[in-house]
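Written out below as structure tokens is the structure these notes cover.
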Amino acid sequence: AARRRGTLLHELFRTIIWLDEGAPSDEENRSTFIRTSMMTGRPVSRSEAAEAVRVLSDAIEHDVIADRLSRKAYDSHGCDELEILNEWPILSDSDGSLVRGRIDRLVVGRSGGVVRFIEIIDFKSGRIDDDVSEREAVERYSPQIERYATAVRDHFKAENPEVVVTGRLLFIESGRDVPCLQCPTDH
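In my numbering, the protein residues as written are 17 to 203.
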């Protein structure tokens, strides 16, 4: 049940390119429920759908979450183009270990057509309510984010071998935006 809930929430967040453009519509949500039903092999119930939409709505009403899903979070990077790659698939052989998965959200910033930075955002459901829990979450998830960062660097290195790749955990039910791989602007 927890895995299915997580899948449903990830699929809802997948529909957000920039929150500046508005929250997902009811029609987009219905399409998400159909897609999730096909992925999980079971229809999304009305109660599951209602709870997922409530979590999404509560999350995007939280300033910390809304800011991270908006263009203004990246103003300080000075890029003239921002690209969002949601549920970006990766398959990489890094240092002899296979990295396979989907990155929840990649923000790719370019200036003059050259990639300047890439940010990995990993959505987390569930709650963390204190700094100790936050530090534990960073310790637990940092290896995963670091493997993703290696795969992302490998993919984009032809465009810019010096590209800066950062990572963060976005705890959607706690309203916490937690840097995992530090960016110079996160100090």
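Just so you know, even glycine gets a beta-carbon here, dropped at the ideal spot from N, CA and C.
Computed from a predicted structure; not experimentally measured.
Quiz item: For S158, does the three-state DSSP call read helix, strand or coil?
Solution: Here S158 sits in helix by DSSP.
Quiz item: How many angstroms separate the CA atom of T56 from the CA atom of L28?
Solution: Taking the Cα positions, T56 is about 14 Å away from L28.
Quiz item: Just the Cα atoms here: how many angstroms apart are R20 and S53?
Solution: Their Cα atoms are separated by approximately 10 Å.
Quiz item: In whole angstroms, what separates the C-alpha of S86 from that of W34?
Solution: Rounded to the nearest whole angstrom, the C-alpha separation of S86 and W34 is 5 Å.
Exercise. Assign L85 to one of three DSSP states: helix, strand, or coil.
Key: Coil.
Exercise. Taking A66 as the reference, give the member of E97, L25, D120, I137 with the closest Cα.
Key: The residue with the shortest Cα to Cα distance from A66 is L25.
Self-check item: Buried/exposed call for L72, threshold 16 Cβ in 10 Å
Solution: Buried, since its Cβ has 16 or more Cβ neighbours within 10 Å.
Quiz prompt | N176 beta carbon less than 9 Å from that of V130 | solution = Yes, these two residues count as a Cβ contact at 9 Å.
Quiz item: For R140, is the classification buried or exposed, using 16 other Cβ atoms within 10 angstroms of its Cβ as the cut-off for buried?
Solution: Note on residue identity: the sequence assigns Lys, not Arg, to residue 140. Label assigned to K140: buried.
Exercise. Would you please state the rounded distance, in angstroms, between the beta carbons of R184 and E135? I believe it to be under 8 Å.
Key: Indeed they touch by this definition, with Cβ atoms about 7 Å apart.
Quiz item: Around the C-beta of V3, are 16 or more other C-beta atoms found within 10 angstroms, so that it is buried, or is it exposed?
Solution: Within the shown structure, residues of the chain are numbered from 17 to 203, placing residue 3 beyond reach of any answer.
Practice problem: Might you give, ordered along the chain, the residues of its own chain that have their beta carbon closer than 7 Å to the beta carbon of A167, omitting 5 neighbours on each side? | Solution: Within its own chain, the residues whose Cβ lies closer than 7 Å to the Cβ of A167, once the five positions on either side in sequence are excluded, are I106, S108, S110, V115, listed in chain order.
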